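Visitor: Protein chains in written order, with this note's numbering: chain A, 1 to 182; chain B, 183 to 374. From the three backbone atoms N, C-alpha and C, an ideal C-beta is built for every residue, glycine too. Here the structure is a predicted model, which is why all the values come from computation and not from measurement.
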Amino acid sequence: MMTTSADPQLVRRAARGDRVAAATLLADVRPGLIRYCRARLGRAGDTYAQADALADEICLAVLRDLPRLGPGMPFPAFVHGIALRLVAEARPTIRGVAAESPAEGPPHRTAVADPTRRLAGLLGLLSEAQREILVLRVAVGLTAEQVGTALGISAAAVRLGQSRALARLRTLPGSALGVVAA
Amino acid sequence: MTEPHREESEELDLATIARDDQLLDALGRGEHGPADDPVAATLAAWRTDLVDGRPPRPRRGGVPAPAQVASTRAGRGASRLAAAVIVVLALATGLAVAGRRAEPGGPLWPVTRALYPELAQLRSAEQELVRARAAVGAARPDEARRQLERARRRLTGVDTADARRLLADLEALESVLEPATTVPERGPVPFR
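1. Put A343/B into one of helix, strand or coil per three-state DSSP.
2. Check whether the stretch 129-139 of chain A and the stretch 161-172 of chain A are in contact - that is, three or more C-beta pairs closer than 8 angstroms.
3. Work out the CA separation of L337/B and A307/B for me, nearest whole Å.
4. Does the distance from the C-beta atom of R54/A to that of A27/A stay below 8 angstroms?
5. Apart from the five residues on each side of it in sequence, which residues of its chain come closer than 7 angstroms, Cβ to Cβ, to P216/B?
6. For T149/A, is the classification buried or exposed, using 16 other Cβ atoms within 10 angstroms of its Cβ as the cut-off for buried?
7. Leaving out five residues before and five after V140/A in sequence, what residues of the same chain have Cβ atoms less than 6 angstroms from its Cβ?
8. Thinking A21/A and L69/A are a contact (beta carbons under 8 angstroms), I'd like their distance in whole angstroms, please.
9. Given a threshold of 16 other Cβ atoms within 10 Å of its Cβ, counted over all protein chains shown, does A120/A qualify as buried or as exposed?
10. Looking at L330/B: is its Cβ nearer than 8 angstroms to the Cβ of L349/B?
11. Residues in the same chain with beta-carbon distance under 6 angstroms from R333/B, minus the five sequence neighbours each way, listed in chain order, please.
12. Would you mind reading off the limits of the alpha helix (DSSP H) that contains H80/A?
13. Applying the criterion that 16 or more other CB atoms from any shown protein chain within 10 Å of the CB defines a buried residue, is P76/A buried or exposed?
14. For a cutoff of 8 angstroms on Cβ pairs, would you count D324/B as touching chain A?
15. What residue does the alpha helix (DSSP H) around D125/B start on, and which one ends it?
16. Determine the extent of the alpha helix (DSSP H) in which S127/A is found, giving its start and end residues.
17. By a C-beta neighbour count over all protein chains shown, 10 Å radius and 16 as the cutoff for buried, is P115/A buried or exposed?
18. Measure the C-alpha to C-alpha separation of T47/A and D18/A and round it to an integer number of angstroms.
19. Let me know the secondary structure DSSP gives T47/A once reduced to three states.
20. Considering just the uninterrupted stretch of the alpha helix (DSSP H) at P216/B, what are its terminal residues?
21. Which whole-angstrom value describes the C-beta separation of L10/A and L25/A, a residue pair presumed to lie in contact below a C-beta threshold of 8 angstroms?
22. Which residues in chain B sit within 9 angstroms of T116/A, going by Cβ to Cβ distance?
23. Got a sec: which bits of the stretch 189-220 of chain B sit with their beta carbon under 7 angstroms from any beta carbon on chain A, in order along the chain?
24. Start and end of the alpha helix (DSSP H) containing D324/B?
25. Please report the residue range of the alpha helix (DSSP H) in which V138/A lies.
26. Who are the Cβ neighbours of L169/A in its own chain at under 7 angstroms, not counting the five residues just before and after it?
27. Determine the closest residue to R313/B out of R328/B, E360/B, V340/B, with distance taken between C-alpha atoms.
28. Going by DSSP in three states, D7/A sits in which element: helix, strand or coil?
29. Determine the chain B residues that contact S163/A at a beta-carbon separation under 7 angstroms, and present them in chain order.
30. Would you report the Cα separation of L172/A and Q146/A, rounded to the nearest angstrom?
31. State the DSSP-derived secondary structure class of R164/A, mapped to helix, strand or coil.
32. List the endpoints of the continuous alpha helix (DSSP H) containing L26/A.
Have a look at this one:
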């Protein structure tokens, strides 16, 4: 996960201790991890500083654990597993995304200033799997195939899940999406 | 869940699935969706917010948030990444300059510690020797001994040219400390 290339040869070299390969992987993985952590944790106060710090922790955990990456484990699934674990551990200590309920309040007051908080409210209406798919597809920018590899499901299942998620969001009134207020 | 899921009773046809897939591909690349699709607009705004990381806009009638925090965040992240990669690559190719860039307590220190535990020990020992030297110069022999003990523990088991050099420094400092009465009362001690 969090990477668009993840060349298997590069991963193998990094796992064997090739530091240049490890550095290349780090550079490749980090931007997507930052967006992932920002999407999952949201802001603390007005900044994403804590989410960004967690992304760095995940990078380091990936590099530390690389030598233990078995041949049967795809790199995206490996990274995603570490990210899921560390995000779950961080949630009790870092204030998570306080979701704004999209269904409450008068329509003209639903223009929420923080898009990530607004999205947290919307994603809360989806199943956990659908939410994770949308985060990986939109926030991280992975393809359906890459998301499938990260989650251990088929690309077809990813496409079905994402379409169901979008269908659910499309049932909401425009005001709940925060795009009509002005 | 306050309302039934309409999609569960709806048939998702292949054309919709393909269209949604293309839409999410575009959004994942940072592009905007169709102008008449409020869900796409919301997801695009979310993605933009995650990338630029600026403080959220105030609600209407609110006080504008200061912008300076936001405008530098992305740049700082990028430069930290660039610096981390430079350090890791430089270490990998054995350039001496890299070691000096990753100092204990610096932003890249966790990277060094994780990837190069041996180097991290050397850098820490080096700093402890600097502190020991300063303590000797300031006539604080107990503090100097504490720093030297720490440095010796770090250097134990590391057998590189750098470690041997640091160990020689350490022993030179210890030899000055041995006879406690010879510690100078003032002024720095010119070692090396």
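Guide: Let me spell this out:
1. helix
2. yes
3. 7 angstroms
4. In the sequence on display, residue 54/A carries Leu and not Arg. The answer is no: Cβ separation not under 8 angstroms.
5. A222
6. buried
7. M2, G32, R35, Y36
8. Not really, about 12 angstroms apart at Cβ, beyond 8 angstroms.
9. buried
10. no
11. Note on residue identity: the sequence assigns Ala, not Arg, to residue 333/B. Closer than 6 angstroms at Cβ, skipping near neighbours: A307, E310, L311, L352.
12. 75-90
13. buried
14. no
15. Beyond the ends of chain B as shown, which are 183 and 374, falls residue 125/B; an answer cannot be given.
16. First-last for S127/A: undefined, no H or E at that position.
17. buried
18. 35 angstroms
19. strand
20. Taken as a continuous stretch (DSSP letters only), P216/B belongs to no alpha helix (DSSP H), as it is neither H nor E.
21. 6 angstroms
22. W228, D231, L232, P238
23. E189, E192, L194, T198, I199, D202, D203, L206, D207, L209, G210, R211, P220
24. 323-337
25. From DSSP, V138/A is part of no alpha helix (DSSP H); its letter is neither H nor E.
26. L122
27. R328/B
28. coil
29. L194, T198, I199, D202
30. 29 angstroms
31. helix
32. 19-41
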